[in-house]
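These notes concern the structure reproduced below.
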Ligand SMILES: Cc1ncc(C[n+]2csc(CCOP(=O)(O)OP(=O)(O)O)c2C)c(N)n1
Ligand SMILES: [Mg+2]
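Right under this line is the structure:
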């Protein structure tokens, strides 16, 4: 009997070799599962994974990031743009490099997007504790700072012996490619184990294909779902991110064309239908459109497709007000399908929508209902036009005029990325999504600083596509570092930097809850101790230029349009810097958002805000 073939490699070499041989497959299309590895090196990974990456540079592309959190954002942007069919890995040192991953991991897991995290960890041997940057836990000796990644990871293991990698790496790939379980996956890698050699079975390195499944609906659930839709008078579809992850946009359109059921979308779902489809009502909830929210208030059947029903979508439990409203949730994750005591259809979105369309053949909503929402939709189109319109081309633009200018220059293929500030609300209400991949809002975690690194990941996933990162000044200041990476990697991302000297979003929120805009403006401190002096003399355009970007400063609507056109055509990373007129031109919120107001206070601003709060909270319903 001959001994099975083995290969003697370090644990780190074996992992990199293994990752380079993993593939996903869905609908007959095969892709690299781990398309590349981002890394910042320190003593926790330089001699292990770092050495392995140079050894296998021919099969595992390496990208040099500036900040660990940002590397995760880049990987997440990449995975989202490719509908979760390809991910990237992120390797870090031990200690601060590793804990810098936590925010990115939370973002990935909350948004159900895959990323493989490879932080360095303490010596498995504990030979020379405490090593540099090691947490010495006085009572739990196996705990390291990497344990902070457990609650934000969908799979976590610390690989304390080389051969333990085999089972762990396979489980990690299973979770990354499971559409119901995916999120951040962490393999913490003790430093000594990374460098240790082992005789690996050759089969470990063979090409391996992970089929991303499309589970079909249960026939009983399907029959009940069809009956529920057939008997509903005012059905409304809420399209969430799952529609995109499943590439269910055409199946959704076919269902809607057949039945006339209108579609409102969450931040993650926007673009599920093209904006000019007669049944597309735009965004729903706190940042929704009038037509979508009016229909939501009166819907008797809400059909959630691939949605988590966050508080923005449900207006913190106040939106769905029909006395007999019922929910039908199509979701691959039973956890989400059961929300709001819904009737469930636990399956892949595309498969489920196609099955529903078949079961509903010949069924159509009332003509009166269709004409009601079509009228509402055309009224809303006028609201968008008004918010976008600039009567004076030589004036400083308002924020909605900035969006109007961008709307005028983008094509169907452009990708617009945003995550936090006042832009997400304006975009959700106003943006006219022209293709399924265009509207890239990270609103599961709404993490300031996601936009620029995510643009790098999207650009890597879609070379040649114009990719725009929209960032406020606060967001820019939080995480501009990956501009340097864009320059290094020749990624011609476009940065639209909106300067309004602070947190317009939180300022407005603060005012509405009696907190008097405290700590939300970027202004000098004055004699009375308040930040009410002149705006700070920061020049973010000069800052972006200093990091290597081409920078265009737009002072008027006309200059902005010109700058956006130039940026779009440029093959260099380009920043368009625009100062905005703070006059609000966005339509007001149609629905509530629960931010509790102080019940007692000596300050005059609070009692009115609290009274408004109590009136609003009285509308909350529990759907049981
Ligand atoms: C990492 C992080 N910290 C804090 C917040 C809370 N927050 C949400 S929006 C915002 C201000 C954003 O400011 P800016 O980017 O200038 O946008 P603007 O509100 O002015 O439109 C803050 C602090 C957040 N979402 N993410
Ligand atoms: Mg701002």
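In our numbering, the protein residues as written are 588 to 1211.
All residues carry an ideal CB built from backbone N, CA and C; glycine is no exception.
Simplified DSSP state of residue 1060, which is helix, strand or coil: As a position in the chain shown, residue 1060 is number 473, starting the count at 1. The answer is helix: DSSP assigns residue 1060 an H, G or I state.
Does the distance from the CB of residue 992 to the CB of residue 1144 come in under 9 Å? The count along the chain shown starts at 1 and reaches residue 992 at position 405. The count along the chain shown starts at 1 and reaches residue 1144 at position 557. The answer is yes: Cβ separation under 9 Å.
Going by DSSP, name the residue or residues bridged to residue 914. The count along the chain shown starts at 1 and reaches residue 914 at position 327. DSSP lists 889 as partners of residue 914.
Note down the Cα distance separating residue 1067 from residue 678, rounded to an integer number of angstroms. Position 480 of the chain shown, counting from 1, holds the residue named residue 1067. Position 91 of the chain shown, counting from 1, holds the residue named residue 678. Between residue 1067 and residue 678, the C-alpha separation is close to 20 Å.
Please find out if some non-hydrogen atom of ligand 2 comes closer than 8 Å to the beta-carbon of residue 988. Along the chain shown, one-based indexing puts residue 988 at 401. Every heavy atom of ligand 2 is 8 Å or more from the Cβ of residue 988, so no.
Is it true that the stretch 826-836 meets the stretch 635-649, where meeting means three or more beta-carbon pairs spaced less than 8 Å apart? No, the stretch 826-836 does not touch the stretch 635-649.
Could I get the ranges of all uninterrupted beta strand (DSSP E) runs contained in the stretch 1099-1167, with 3 residues as the minimum, in chain order? Correct list: 1137-1141, 1161-1166.
Restricting to runs no shorter than 4 residues, where is the alpha helix (DSSP H) found entirely within the stretch 899-970? 921-924, 936-946
Give me, in chain order, the residues of the same chain whose beta-carbon lies closer than 6 Å to that of residue 786; leave out the 5 immediate sequence neighbours on both sides. If you number the chain shown from 1, residue 786 lands on position 199. The residues are 593, 595.
For residue 769 and residue 1097, the rounded distance between their alpha carbons: Here residue 1097 refers to the residue found at position 510 of the chain shown. Here residue 769 refers to the residue found at position 182 of the chain shown. Approximately 35 Å between the Cα atoms of the pair.
Any heavy atom of ligand 1 closer than 8 Å to the CB of residue 1034? The residue you call residue 1034 lines up with position 447 of the chain shown. True, at least one ligand heavy atom lies under 8 Å from that Cβ.
Can you tell me where the beta strand (DSSP E) holding residue 720 begins and where it ends? For the purposes of this step, residue 720 is taken as residue 133 along the chain shown, with counting starting at 1. Premise fails: residue 720 is in no beta strand (DSSP E) and is neither H nor E.
Grab the span of the alpha helix (DSSP H) containing residue 792 for me, first residue to last. To locate residue 792, count along the chain shown from 1; it is residue 205. Element bounds for residue 792: n/a, residue is neither H nor E.
Starting from residue 845 and walking both ways along the beta strand (DSSP E), at which residues does that stretch end? Here residue 845 refers to the residue found at position 258 of the chain shown. Residue 845 -> not in any beta strand (DSSP E); alpha helix (DSSP H) instead, spanning 836-846.
Start and end residues, beta strand (DSSP E) containing residue 604: The residue labelled residue 604 in the question sits at position 17 within the chain shown. Taken as a continuous stretch (DSSP letters only), residue 604 belongs to no beta strand (DSSP E), being part of the alpha helix (DSSP H) at 598-606.
Alpha carbon to alpha carbon, how far is residue 1204 from residue 865? Here residue 1204 corresponds to residue number 617 of the chain shown, with the count starting at 1. Here residue 865 corresponds to residue number 278 of the chain shown, with the count starting at 1. Computed Cα separation, rounded: 34 Å.
Just the C-alpha distance for residue 1078 and residue 1063, rounded to the nearest angstrom, thanks. The sequence position of residue 1078 within the chain shown is 491, counting from 1. The sequence position of residue 1063 within the chain shown is 476, counting from 1. Distance between the alpha carbons of residue 1078 and residue 1063 is about 18 Å.
Backbone CA spacing between residue 588 and residue 774 [nearest angstrom]: Here residue 588 corresponds to residue number 1 of the chain shown, with the count starting at 1. Here residue 774 corresponds to residue number 187 of the chain shown, with the count starting at 1. With a pLDDT of 48 at residue 588, under the threshold of 50, the modelled position of that residue is not reliable, and the figure given next carries that caveat. Spanning the two alpha carbons is a distance of roughly 36 Å.
If you draw a straight line from the C-alpha of residue 917 to the C-alpha of residue 664, how long is it? Sequence index remark: in the chain shown, residue 917 carries index 330 (1-based). Sequence index remark: in the chain shown, residue 664 carries index 77 (1-based). Whole-angstrom Cα-Cα distance: 25 Å.
Take residue 1135 as the anchor and find which of 1120, 1080, 1167 has the nearest alpha-carbon. Residue 1135 sits at position 548 when you count from the first residue of the chain shown. It is 1080 whose Cα lies nearest to the Cα of residue 1135.
Secondary structure at residue 746, three-state DSSP: helix, strand or coil? Within the chain shown, residue 746 is the residue found at index 159, counting from 1. It is coil, neither helix nor strand.
Could you check the C-alpha separation between residue 966 and residue 921 for me, to the nearest Å? Here residue 966 is taken as the residue at index 379 of the chain shown, counted from 1. Here residue 921 is taken as the residue at index 334 of the chain shown, counted from 1. C-alpha separation (whole angstroms): 37 Å.
DSSP three-state assignment for residue 651, whether helix, strand or coil: The residue you call residue 651 lines up with position 64 of the chain shown. Looking at residue 651 - three-state DSSP - the assignment turns out to be strand.
Residue 1058 beta carbon less than 9 Å from that of residue 1045: Position 458 of the chain shown, counted from the first residue, corresponds to residue 1045. Position 471 of the chain shown, counted from the first residue, corresponds to residue 1058. Going by C-beta atoms, residue 1045 is not nearer than 9 Å to residue 1058.
Can you check DSSP and say which residues form a bridge with residue 1027? Position 440 of the chain shown, counting from 1, holds the residue named residue 1027. Residue 1027 is bridged to 1004.
Look at residue 846 and residue 892 and say whether their C-beta atoms are less than 9 Å apart. Within the chain shown, numbered from 1, the residue matching residue 846 stands at position 259. Within the chain shown, numbered from 1, the residue matching residue 892 stands at position 305. Contact flag unset, no.
Is DSSP giving residue 619 helix, strand or coil here? Here residue 619 refers to the residue found at position 32 of the chain shown. It is a strand residue.
4-residue-minimum alpha helix (DSSP H) runs that sit fully inside the stretch 727-775, ordered along the chain: 751-764
Residue range of the beta strand (DSSP E) that includes residue 822: Along the chain shown, one-based indexing puts residue 822 at 235. 822-826 is the extent of the beta strand (DSSP E) around residue 822.
Using the DSSP secondary-structure output, state which residues sit across from residue 677 in a beta bridge. Along the chain shown, one-based indexing puts residue 677 at 90. Looking at the DSSP assignment, residue 677 forms a beta bridge with 625, 704.
Does residue 1200 come out as helix, strand or coil in the three-state DSSP assignment? Along the chain shown, read from residue 1 onward, the residue named residue 1200 stands at position 613. Residue 1200 falls in the helix class under three-state DSSP.
Do residue 888 and residue 995 have their C-beta atoms within less than 9 Å of each other? Taking the chain shown and counting its residues from 1, the one referred to as residue 888 is at position 301. Taking the chain shown and counting its residues from 1, the one referred to as residue 995 is at position 408. No.
Three-state secondary structure (DSSP) of residue 1229: Residue 1229 falls outside the range modelled here, since the chain spans only 588 to 1211, and no answer is possible.
Taking the straight line between their C-alpha atoms, what separation do you get for residue 912 and residue 855? One-based indexing of the chain shown puts residue 912 at position 325. One-based indexing of the chain shown puts residue 855 at position 268. Those two C-alpha atoms are separated by around 24 Å.
Return the first residue and the last residue of the beta strand (DSSP E) that residue 611 is part of. Within the chain shown, the letter at position 24 stands for residue 611. Note, residue 611: beta strand (DSSP E), 609-613.
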